[in-house]
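Q:
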Amino acid sequence: MADRPDEICPRIDEPPPQPTRPAAAPIYPASVHVCESTDQAEGLLAGSLPGYVYQRDGHPNADLFGEKCRQLHGAERVAVASSGMAALALAVLSQLETGDHIVVSNQLYGRSSLLLQQESARLGIESTEVDTCNLHETAEAFHVKTRLLVVETIANPLLRVADIASLAELCHSHGAKLLVDNTFATPVLCRPMSLGADFVLESVSKIMNGHSDVMLGVLCGREKDWERVPLVLSAWGLASSPFDCWLAARGLATLHLRVQRAAENAARAADFLRGESKVERVEFPGLPEHPDHALARRQFDGGFGYVVTFHLRGGRAAADAFIAAAKRIPFCPSLGETATTLSHPESTSHRGMSPRDRQSLGITGGTIRLSCGLESSDSVIEALVEGLSALGADA
Ligand SMILES: *Cc1c(COP(=O)(O)O)cnc(C)c1O
32 MADRPDEICP RIDEPPPQPT RPAAAPIYPA SVHVCESTDQ AEGLLAGSLP GYVYQRDGHP
92 NADLFGEKCR QLHGAERVAV ASSGMAALAL AVLSQLETGD HIVVSNQLYG RSSLLLQQES
152 ARLGIESTEV DTCNLHETAE AFHVKTRLLV VETIANPLLR VADIASLAEL CHSHGAKLLV
212 DNTFATPVLC RPMSLGADFV LESVSKIMNG HSDVMLGVLC GREKDWERVP LVLSAWGLAS
272 SPFDCWLAAR GLATLHLRVQ RAAENAARAA DFLRGESKVE RVEFPGLPEH PDHALARRQF
332 DGGFGYVVTF HLRGGRAAAD AFIAAAKRIP FCPSLGETAT TLSHPESTSH RGMSPRDRQS
392 LGITGGTIRL SCGLESSDSV IEALVEGLSA LGADA
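Start counting the sequence shown at 32; every next residue gets the next number (our numbering).
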């Protein structure tokens, strides 16, 4: 009766035999793999035998994508998680315990700040927020319970640059570890582990994937810090989807070219904007007047990132007029797309911050964050001209 539909349809099929090798990786959506024996099942689940059993514990597409990220960062170990935030949660839950203390930069991605301060506090993990551009202030925040310092290589939206080698040295002299969120830099520009960082995090949802169609994060680290990572990834349900890993691996093939083009566009946009009278100030580490320009030159390889922030004279009204007029630059509160996009920190990424804190960082209603894409630089400049033209001459 093997030809009945109810025999044929539910069957687990063998993949077709292939004498040739496909030039693109397959997608493995399987939630579970077939075990050959009880011994093998036991070994696979214990991690003593290579292979896959259950997708939440690991799958081929995560390994294909993760391995490339590991190589890009020169890391010993890598874990792929369902988002950048999941990768940060993975770091917290695998490395920290109740009673531990962390030091965090005062310029972190909003949700990272929330996770590392309010959410971690609920688990009894204390935190101190400091200006990590001030090494002295940062050193003062460490005490005997401090386990981790979290900074971003290039911080949003003022694009301040972390001195990774000095911060790593500071952490290690206090018996703590350094986690660097490298999302704005990417491994093309900066490899924090080679500068002494213990963990590197990338939100793959941004330019790493680069096509606005994936949510994924990676955490890189060292063998000696990895013992609890696979268990936490599985037990807290932070694992990635095969399709997203497959798309992101495809994006990686062009990462170096995309970052290079976007960084060239950013450098030209910054240079253009600083000469415009309607722009009060431009933040870009590639500009000689940026407070971290010398550090950025030393620390980055081939560019200063793809994000440029500028402050329009005339506050929120000027920003609204610019956004309405700059029709070729969509207002997308994310970054790292193929197209140039803009965001408005006051109403999006930094809306949770008190007006006073925003002011002390220099974020106004007129602050615009530009994420440069892959268009010709002429077309980026033209789009900016279009936006600026809507502002009164003496706005
Ligand atoms: C987007 C982002 C995150 C969070 O990543 P998701 O993939 O959105 O969860 C963390 N850090 C930085 C700097 C980001 O830009």
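Where a beta carbon is used, it is the ideal one built from N, C-alpha and C, also for glycine.
Let me check one thing: in DSSP terms, what residues is Glu168 bridge-paired to?
A: DSSP output for Glu168 lists no bridge partner at all.
Q: With a Cβ-Cβ cutoff of 7 Å, do Ser271 and Leu247 count as a contact?
A: Contact flag set, yes.
Q: What is the C-beta distance between Phe303 and Ile412, in whole angstroms, given that I count them as a contact (C-beta under 8 Å)?
A: Yes, Phe303 and Ile412 are in contact; Cβ-Cβ is about 5 Å, under 8 Å.
Q: Jot down the residue ranges of each uninterrupted beta strand (DSSP E) in the segment 217-274, minimum 3 residues, whole runs only, in chain order.
A: Whole beta strand (DSSP E) segments, 3+ residues: 230-234, 248-252.
Q: Report all residues from its chain with a CB closer than 7 Å to the CB of Ser197; omit the five preceding and five following residues, and keep chain order.
A: The answer, listed in chain order, is Leu166.
Q: Could you work out which residue in Gln138, Gly423, Pro36 is closest to Ser380 when comparing CA atoms only?
A: Closest option to Ser380, Cα to Cα, is Gln138.
Q: May I have the straight-line CA-CA distance separating Ala172 from Val161, to the nearest angstrom?
A: Near 7 Å, if we compare the C-alpha coordinates of Val161 and Ala172.
Q: Just curious, the alpha helix (DSSP H) that Val411 is in, first and last residue?
A: Start and end: 408-420.
Q: Counting C-beta neighbours from all protein chains within 10 Å, is the total for Met32 16 or more, i.e. buried, or is it exposed?
A: Met32 is exposed by the Cβ-count criterion.
Q: Which residue or residues does DSSP assign as beta-bridge partners of Ala140?
A: Reading off the sequence shown, one finds Tyr at residue 140, where the question assumed Ala. BP columns for Tyr140 are empty, so no partner.
Q: I'd like to check one pair, Glu368 with Ala243: are the Cβ atoms closer than 7 Å?
A: Before going on, a small fix: residue 243 reads as Ser here, not Ala. Going by C-beta atoms, Ser243 is nearer than 7 Å to Glu368.
Q: Give every residue of the same chain whose Cβ lies closer than 6 Å to the Cβ of Asn296, excluding the five residues on either side of it in the sequence, and list them in chain order.
A: Correct list, in chain order: Cys403, Ser408, Val411.
Q: Let me check you understand the geometry: is the CB of Thr184 closer than 6 Å to at least one non-hydrogen atom of ligand 1?
A: No, the Cβ of Thr184 stays beyond 6 Å of every heavy atom of ligand 1.
Q: For Arg289, does the count of other Cβ atoms within 10 angstroms reach 16, so buried, or fall short, so exposed?
A: By the 10 Å Cβ count, Arg289 comes out buried.
Q: Enumerate in chain order the residues of its own chain whose CB-to-CB distance from Ser265 is below 7 Å, with the five nearest sequence positions on each side excluded.
A: The answer, listed in chain order, is Arg87, Asp88.
Q: Please state the DSSP three-state secondary structure of Leu343.
A: Correct three-state label for Leu343: strand.
Q: Alpha carbon to alpha carbon, what distance is there between Gly241 and Ala93?
A: Those two C-alpha atoms are separated by around 17 Å.
Q: Quick check: Val231 and Ser125, are their CB atoms within less than 7 Å of each other?
A: Result no, Cβ atoms of Val231 and Ser125 do not sit closer than 7 Å.
Q: Write down every uninterrupted run of the beta strand (DSSP E) in the segment 325-403 whose length is 3 residues or greater and which is fully enclosed by it, in chain order.
A: Qualifying beta strand (DSSP E) stretches, in chain order: 338-343, 372-374, 398-402.
Q: Helix or strand or just coil, what does DSSP make of Ala152?
A: Note: Ala152 maps to helix in three-state DSSP.
Q: Does ligand 1 have even one heavy atom less than 6 Å from the beta-carbon of Gly248?
A: For ligand 1, at least one heavy atom lies less than 6 Å from the Cβ of Gly248.
Q: Pull up the distance between the alpha-carbon of Ile133 and that of Val192, whole angstroms please.
A: Answer to the nearest angstrom: the Cα atoms are 20 Å apart.
Q: Just to confirm before moving on: does the CB-CB distance between Ser113 and Leu269 stay below 7 Å?
A: Yes, these two residues count as a Cβ contact at 7 Å.
Q: Can you say whether Gly423 is buried or exposed, counting buried as having 16 or more other CB atoms within 10 angstroms of its CB?
A: Label assigned to Gly423: exposed.
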